[in-house]
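Reading through the structure tokens given below for one structure.
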Amino acid sequence: MPTVIHFPTENVPLAPEPCALTDLIRDELFHLSSNEYMVNCILERMKPFIATLDCDLELDVEITPENEEGVLQMIPSVQALQTRFDGIISEIISERILHEIHLFHIERASKL
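Heads up: the sequence shown begins at 60 in my numbering, then just goes up one per residue.
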């Protein structure tokens, strides 16, 4: 009779929750192709890239009565900077997605 070995279930790390950026990239890939295998391969290869982009760029500013007016004057500039930054990051992500799709097809063609 075979022996059944029970693996411990305590302290087993759970699969990490996908971040919003992973979901965004997954949605974009599915928009471009319904090939689930390709999407999963590309997402796996992009994990380090996604981890690099998934950072907190919080701006801590202490507002005191002395600096309140200056901080309020900076708000439009900070918002414009954020808009430019978001656009640049979107372009970088788009270029990377297209690059990964191209690599995927090259690798598949070389295996045939």
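Glycine included, C-beta positions come from ideal geometry on N, C-alpha and C. Just so it is clear, the structure is predicted and the values come from calculations on it, not from any experiment.
| Check | Outcome |
| --- | --- |
| So, under 8 Å CB-CB, I148 and L91 are touching, yes? Tell me the CB distance rounded to an integer number of Å. | With 8 Å as the limit, I148 and L91 do not qualify as a contact, their Cβ atoms being about 19 Å apart. |
| What number of angstroms, rounded off, separates the C-alpha of E33 from the C-alpha of C114? | The structure shown has nothing for residue 33, since the chain only spans 60 to 171. |
| I need the straight-line Cα distance from I152 to I109, nearest angstrom please. | 9 Å |
| Please identify the residue among V120, D82, L116 whose C-alpha is closest to the C-alpha of L102. | D82 |
| For N126 and S136, I'd like the C-alpha separation in whole angstroms. | 16 Å |
| What do you get for V98, buried or exposed, if any count of 16 or more other CB atoms within 10 angstroms of its CB means buried? | buried |
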